[in-house]
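> Handing you a structure now.
There are 2 protein chains.
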Amino acid sequence: MAPPVEGQARPIRLADIAKAAGVSHGTASNVFSRPEIVRAEVRERVKAVAEAMGYAGPDPKGRLLRAGKVNAIGVGTTEPLSYFFEDPFARVMMAGISEACDATGAGIALVSAANQEKLAWNIQSALVDGFILFCIEGGSRLVDLTRERRLPFVALELGFHDETISAIGVDNVAGGRLAARHLAELGHRRFAVLSLTLGEDRTGFVTPEMVRSAVYTGTRDRLAGYFEELSRFGVDTAKVPIFETENEQKSTRAGLEAIFSGGERPTAILAMSDRMAMIAIEWLTARGLKVPKDVSIVGFDGVPDGALCDPPLTTIAQPITEIGRRAARMILDFDGAVRRETMGVELVVRASSGPAPKG
Amino acid sequence: MAPPVEGQARPIRLADIAKAAGVSHGTASNVFSRPEIVRAEVRERVKAVAEAMGYAGPDPKGRLLRAGKVNAIGVGTTEPLSYFFEDPFARVMMAGISEACDATGAGIALVSAANQEKLAWNIQSALVDGFILFCIEGGSRLVDLTRERRLPFVALELGFHDETISAIGVDNVAGGRLAARHLAELGHRRFAVLSLTLGEDRTGFVTPEMVRSAVYTGTRDRLAGYFEELSRFGVDTAKVPIFETENEQKSTRAGLEAIFSGGERPTAILAMSDRMAMIAIEWLTARGLKVPKDVSIVGFDGVPDGALCDPPLTTIAQPITEIGRRAARMILDFDGAVRRETMGVELVVRASSGPAPKG
DNA sequence: GCGAAAATTTGAATCGATCCAAGAAAAATG
DNA sequence: CATTTTTCTTGGATCGATTCAAATTTTCGC
Numbered sequence: 000m001a002p003p004v005e006g007q008a009r010p011i012r013l014a015d016i017a018k019a020a021g022v023s024h025g026t027a028s029n030v031f032s033r034p035e036i037v038r039a040e041v042r043e044r045v046k047a048v049a050e051a052m053g054y055a056g057p058d059p060k061g062r063l064l065r066a067g068k069v070n071a072i073g074v075g076t077t078e079p080l081s082y083f084f085e086d087p088f089a090r091v092m093m094a095g096i097s098e099a100c101d102a103t104g105a106g107i108a109l110v111s112a113a114n115q116e117k118l119a120w121n122i123q124s125a126l127v128d129g130f131i132l133f134c135i136e137g138g139s140r141l142v143d144l145t146r147e148r149r150l151p152f153v154a155l156e157l158g159f160h161d162e163t164i165s166a167i168g169v170d171n172v173a174g175g176r177l178a179a180r181h182l183a184e185l186g187h188r189r190f191a192v193l194s195l196t197l198g199e200d201r202t203g204f205v206t207p208e209m210v211r212s213a214v215y216t217g218t219r220d221r222l223a224g225y226f227e228e229l230s231r232f233g234v235d236t237a238k239v240p241i242f243e244t245e246n247e248q249k250s251t252r253a254g255l256e257a258i259f260s261g262g263e264r265p266t267a268i269l270a271m272s273d274r275m276a277m278i279a280i281e282w283l284t285a286r287g288l289k290v291p292k293d294v295s296i297v298g299f300d301g302v303p304d305g306a307l308c309d310p311p312l313t314t315i316a317q318p319i320t321e322i323g324r325r326a327a328r329m330i331l332d333f334d335g336a337v338r339r340e341t342m343g344v345e346l347v348v349r350a351s352s353g354p355a356p357k358g
Numbered sequence: 000m001a002p003p004v005e006g007q008a009r010p011i012r013l014a015d016i017a018k019a020a021g022v023s024h025g026t027a028s029n030v031f032s033r034p035e036i037v038r039a040e041v042r043e044r045v046k047a048v049a050e051a052m053g054y055a056g057p058d059p060k061g062r063l064l065r066a067g068k069v070n071a072i073g074v075g076t077t078e079p080l081s082y083f084f085e086d087p088f089a090r091v092m093m094a095g096i097s098e099a100c101d102a103t104g105a106g107i108a109l110v111s112a113a114n115q116e117k118l119a120w121n122i123q124s125a126l127v128d129g130f131i132l133f134c135i136e137g138g139s140r141l142v143d144l145t146r147e148r149r150l151p152f153v154a155l156e157l158g159f160h161d162e163t164i165s166a167i168g169v170d171n172v173a174g175g176r177l178a179a180r181h182l183a184e185l186g187h188r189r190f191a192v193l194s195l196t197l198g199e200d201r202t203g204f205v206t207p208e209m210v211r212s213a214v215y216t217g218t219r220d221r222l223a224g225y226f227e228e229l230s231r232f233g234v235d236t237a238k239v240p241i242f243e244t245e246n247e248q249k250s251t252r253a254g255l256e257a258i259f260s261g262g263e264r265p266t267a268i269l270a271m272s273d274r275m276a277m278i279a280i281e282w283l284t285a286r287g288l289k290v291p292k293d294v295s296i297v298g299f300d301g302v303p304d305g306a307l308c309d310p311p312l313t314t315i316a317q318p319i320t321e322i323g324r325r326a327a328r329m330i331l332d333f334d335g336a337v338r339r340e341t342m343g344v345e346l347v348v349r350a351s352s353g354p355a356p357k358g
């Protein structure tokens, strides 16, 4: 009779403990999950056996299947994972999500992937009770993929036409207005807009028809807000250049290049993100243009970095942390309903905006 | 005969699909996980049925139990979850971890908890293949808890006497020396040390005996490095005040208060973290002391913020991102061995250190 | 010391998939 | 057309726990 193979050390299961301690599975299970209903003597015996055999405790993989709930929420994006730790907007949002998760003891699983195929797989196999989606560029694909899991999920940003999915975002029209009014009241009349993308995969100047057929309604609404207010001040919005760019340095700079190589230079820039606004400040400063003496800039988002840059950024602040908290709670307390929440925004005046230059 | 209860909508299982499509559950499973071995006609039929019934695809909970591997690594800390998104050191580390995870398509699960009890539960039930531990204060408890899971894990920082656990950290003695030599060469002879804690739950001035019996060897080694080098320059290290504090504002300020209320004020401060160093700069500046004209400061860590503060911080830079990458790879390519890696550090001279004031 | 009530323990059923040896069907060969 | 080969399909075993109704043991009151 061959001795049992040593080396391969199958991890010890609860059943092994039960057998060794001479009790049923049920009792062994109770020793760990509801120790108070097991007689003290038996409990100690089983624990001793477990200890002696080097049992690691009930494997969550097994428990999970039975219990159904993972107690973790997934946060998804199409950006690389490091986005969560590097992007200022994402970080503030994550802090809000963290807060809600900490309060209930839930975990956070970060889901992302380099390519589309892996993204699909990672979303399909994420062990979570629901998702919060950072819908940046390529967001609709992310939503489609997530929808297939048939788990609760919330999109951050209302920038989708689809009213059947839960989302939390801000009042983009109001935000656009606040920014435009602020600059107009400072006397500015020549504007340019650094816009986020209106649809997938395009950058460059934007025509009014393109605005009307925009896929991302968030972008469209901010534009609408800008223009509504500018019109009220008598600005001919048809002449305001709108440059659509990705939210990063290279294409934003290209946009600035394009805007400032035109004939009539703007005295005020409406930027749809703080990131863009800060890139603009840097670009202008490097070209000898003073902010806000020559050009005023108003951003959008209200990330903490905006207060630290030079000059500090005037911006439309979103309640980012609160959005994160609410998104997390939506998943944690999911009740089957589709919810769409619109949060207010606030104009934060700092030093990147000032009176329009004379003449 | 009562109709089946509608409302409660038990989610559809693979077995339901199999039955509805008239195939075995084995075949149904193959349709999703290895479609190429199923006859095209059958495959399409099953897929159609799945679609029609609103099947969400194979539930990862079920798959997991069979497969064994989660394909995610857990990152644990005793700090609240928001620590990962707010602390500069943690963020750079996480970026490194993210990079390694992105490369293999693994996910990241953040594990933390407000209180000890929940922490234990969260570690016990985290669905991960291994852990990376941020061992800040209270780290040994975290390690003990994690060890019980009997999964691979790595401690970030070698600050433990226990050689049986895998860890990655830096050469603290060398780092201490570099910092001390830099200041000594600038002519400084009156020093003070802002130290991280030597053991759990204590702050205040430290005696040489306490150093010898330090629990956290990382702290001890940095001190050793400082003193070795200072001795070489003829400084009487017995007279150098060492104030042990938490890595946060309140207790660090208390330390500064204590140090600067003493008789002979130091002209140079050796801080064991950039955080402390930056708090010190702020504190000194607020008191009208110029950095580095009156007091020079050298930090430790090399976080990006250090380059941005005013004046930019001279520091001992750790290869934080690389440590993160390696830690993640250790878990991802776990082979059962205990590994302890020591990384080099580098002196980064910026503007917070300068020649000792005359007299 | 007896029966009822309370406290424990048992063991089969279940959670939702994947795997694999064996059987069945289809295709290839002579 | 019979036989061999190849390709699919089947259904039981398994992953590691929890749950719950029923059986058993203890405890309690009198």
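These protein sequence lines are chains Z and R, in that order.
So the first sequence is residues 0 to 358, counted in numbering that gives the first Met the number 0.
So the second sequence is residues 0 to 358, counted in numbering that gives the first Met the number 0.
All residues carry an ideal CB built from backbone N, CA and C; glycine is no exception.
1) Consult DSSP for E116(R) and reduce its assignment to one of helix, strand or coil.
2) Closer than 8 Å between beta carbons: that is the criterion. Which residues of the stretch 266-288 of chain R meet it against chain Z?
3) Closest Cβ-Cβ distance between C100(R) and chain Z: below 8 Å?
4) Please list, in chain order, all residues of the same chain as V91(Z) whose beta carbon is under 8 Å from its beta carbon, the five residues on each side excluded.
5) Check the Cβ-Cβ distances between V4(Z) and every residue of chain R, and say whether any is below 8 Å.
6) Please classify G53(Z): is it buried, with 16 or more other beta-carbons within 10 angstroms of its beta-carbon, or exposed?
7) Using 8 Å as the Cβ pair cut-off and three pairs as the minimum, do the stretch 113-132 of chain R and the stretch 48-63 of chain Z touch?
8) Residue range of the alpha helix (DSSP H) that F242(R) falls in?
9) State yes or no: is the beta carbon of E85(R) nearer than 8 Å to at least one beta carbon in chain Z?
10) For T236(R) and A257(R), I'd like the C-alpha separation in whole angstroms.
11) Using beta carbons (cut-off 8 Å, strictly below), is L109(R) in contact with chain Z?
12) Among G224(Z), A99(Z), A51(Z), which has the Cα closest to the Cα of M271(Z)?
13) Compare the Cα-Cα distances from R221(Z) to each of R38(Z), E199(Z), R201(Z), L193(Z) and report the closest residue.
14) Quick one: grab the DSSP three-state call for G73(R).
15) Just to confirm the assignment, what range does the alpha helix (DSSP H) spanning V297(R) have?
16) Just to confirm my understanding: we take A102(Z), look at its own chain, exclude 5 residues before and 5 after, and list those with CB closer than 6 Å. What are they?
17) Short of 8 Å Cβ to Cβ, which residues in the stretch 111-138 of chain R face chain Z?
18) Grab me the residues of V30(R)'s own chain with a C-beta within less than 7 Å of its C-beta, minus the 5 sequence neighbours each way, in chain order.
19) Drop a sphere of 10 angstroms on the beta-carbon of V205(Z), count the other beta-carbons inside from all chains shown, and report buried for 16 or more, exposed for fewer.
20) Tell me the rounded alpha-carbon separation between S165(Z) and L109(Z).
21) My assumption, with CB atoms under 8 Å, is that G343(R) sits in contact with K117(Z). Please give the rounded CB distance.
22) Under a three-way DSSP split, which group does T216(Z) fall into?
23) Taking only heavy atoms of the ligand FAD into account, decide whether any of them is closer than 7 Å to the Cβ of G254(Z).
24) Please classify V4(Z): does DSSP put it in a helix, a strand, or coil?
25) Against chain Z, with Cβ distances strictly below 8 Å, would V69(R) count as a contact?
26) Count the other CB atoms within 10 Å of the CB of H24(Z); is the residue buried (16 or more) or exposed (fewer)?
27) Do H401(R) and A350(R) have their C-beta atoms within less than 8 Å of each other?
28) Counting only the same chain and skipping the five closest in sequence on each side, list residues whose C-beta sits under 8 Å from that of A276(Z).
29) Please state whether the Cβ-Cβ distance between G75(R) and L141(R) is less than 8 Å.
30) Roughly how many angstroms separate the alpha carbons of V337(R) and R211(R), rounded to a whole number?
31) Taking the CB atoms as reference points, tell me whether A14(R) and V48(R) lie closer together than 8 Å.
32) Please classify D273(Z) as buried or exposed, where buried requires at least 16 neighbouring CB atoms within 10 angstroms.
33) Are any of the Cβ atoms in chain R nearer than 8 Å to that of R221(Z)?
34) Looking at chain R, which residues of the stretch 142-154 of chain Z have a Cβ within less than 9 Å of any of its Cβ atoms?
35) Any idea what DSSP makes of L155(Z), helix, strand or coil?
36) Return the residue from the list P207(R), V214(R), A183(R) that minimises the CA-CA distance to G198(R).
Considering the structure as presented:
1) Mapped onto the second sequence, residue 116(R) falls at position 117. E116(R) falls in the helix class under three-state DSSP.
2) none
3) Mapped onto the second sequence, residue 100(R) falls at position 101. At least one chain Z Cβ lies under 8 Å of C100(R).
4) As a working note, residue 91(Z) is residue 92 in the first sequence. Within the same chain, V91(Z) has close Cβ partners V302, P303, I319, T320, G323.
5) As a working mapping, residue 4(Z) is identified with position 5 in the first sequence. In this prediction, V4(Z) scores a pLDDT of 40, lower than 50, which makes its location untrustworthy; the coordinate-derived value is nonetheless stated afterwards. Not one chain R Cβ lies under 8 Å of V4(Z).
6) Start at 1 with the first residue of the first sequence, and residue 53(Z) comes out as number 54. G53(Z) should be labelled exposed.
7) The answer is yes - the stretch 48-63 of chain Z touches the stretch 113-132 of chain R, with three or more Cβ pairs under 8 Å.
8) Working through the second sequence from its first residue, we reach residue 242(R) at position 243. Where F242(R) is concerned, there is no enclosing alpha helix (DSSP H), although the beta strand (DSSP E) it sits in stretches over 241-243.
9) Here the question's residue 85(R) lines up with position 86 in the second sequence. Yes, E85(R) counts as interfacial toward chain Z.
10) Within the second sequence, the letter at position 237 stands for residue 236(R). Within the second sequence, the letter at position 258 stands for residue 257(R). Whole-angstrom Cα-Cα distance: 18 Å.
11) By one-based count along the second sequence, residue 109(R) stands at place 110. Closer than 8 Å: yes.
12) Position 272 of the first sequence, counted from the first residue, corresponds to residue 271(Z). Taking only the C-alpha atoms, the option nearest M271(Z) is G224(Z).
13) Locating residue 221(Z) in the first sequence gives position 222, where the first residue counts as 1. Comparing alpha-carbon positions, the option among R38(Z), E199(Z), R201(Z), L193(Z) lying closest to R221(Z) turns out to be L193(Z).
14) Walking along the second sequence from the start, residue 73(R) turns up at place 74. DSSP places G73(R) in strand when its eight states are reduced to three.
15) Position 298 of the second sequence, counting from 1, holds the residue named residue 297(R). Not the alpha helix (DSSP H): V297(R) falls in the beta strand (DSSP E), residues 295-300.
16) The residue you call residue 102(Z) lines up with position 103 of the first sequence. Excluding positions up to five away in sequence, the list is empty.
17) S111, A112, A113, K117, W120, N121, Q123, S124, A125, L126
18) To locate residue 30(R), count along the second sequence from 1; it is residue 31. Excluding residues within five positions, the ones whose Cβ falls inside 7 Å are V37, R42, V45, K46.
19) As a first step, residue 205(Z) must be located in the first sequence, where it is residue number 206. It counts as buried.
20) Taking the first sequence and counting its residues from 1, one reaches residue 165(Z) at position 166. Taking the first sequence and counting its residues from 1, one reaches residue 109(Z) at position 110. Rounded to whole angstroms, S165(Z) and L109(Z) show a C-alpha spacing of 20 Å.
21) Within the second sequence, residue 343(R) is the residue found at index 344, counting from 1. Within the first sequence, residue 117(Z) is the residue found at index 118, counting from 1. Going by Cβ atoms, the distance from G343(R) to K117(Z) rounds to 34 Å, so no, they are not a contact pair.
22) Taking the first residue of the first sequence as 1, we reach residue 216(Z) at position 217. If DSSP states are grouped into helix, strand and coil, T216(Z) belongs with the helices.
23) This structure lacks the ligand FAD, and indeed carries no ligand of any kind.
24) To locate residue 4(Z), count along the first sequence from 1; it is residue 5. For V4(Z), the pLDDT reaches just 40, beneath the cut-off of 50, and the residue's location in the model is therefore unreliable, leaving the point undetermined.
25) Position 70 of the second sequence, counting from 1, holds the residue named residue 69(R). By this cut-off, V69(R) is an interface position.
26) By one-based count along the first sequence, residue 24(Z) stands at place 25. Label assigned to H24(Z): exposed.
27) Absent from the model: residue 401(R). The displayed extent of chain R is 0 to 358, so no value can be given.
28) The residue given as residue 276(Z) occupies position 277 in the first sequence. So the qualifying residues of the chain are L193, I268, A270, I296, V297, G298, F299, G305, L312, T314, S351.
29) One-based indexing of the second sequence puts residue 75(R) at position 76. One-based indexing of the second sequence puts residue 141(R) at position 142. It is a contact, given that the beta carbons lie within the stated cut-off.
30) Mapped onto the second sequence, residue 337(R) falls at position 338. Mapped onto the second sequence, residue 211(R) falls at position 212. Their Cα atoms are separated by approximately 27 Å.
31) Translated into the one-based positions of the second sequence, residue 14(R) becomes position 15. Translated into the one-based positions of the second sequence, residue 48(R) becomes position 49. Contact: no.
32) On the first sequence, position 274 is the one that residue 273(Z) refers to. Per the 10 Å Cβ criterion, buried.
33) Working through the first sequence from its first residue, we reach residue 221(Z) at position 222. No, no contact with chain R.
34) E147, R148, R149, L150
35) Counting from one through the first sequence, the residue named residue 155(Z) turns up at place 156. Looking at L155(Z) - three-state DSSP - the assignment turns out to be strand.
36) Here residue 198(R) refers to the residue found at position 199 of the second sequence. Ranked by Cα distance from G198(R), the first of P207(R), V214(R), A183(R) is V214(R).
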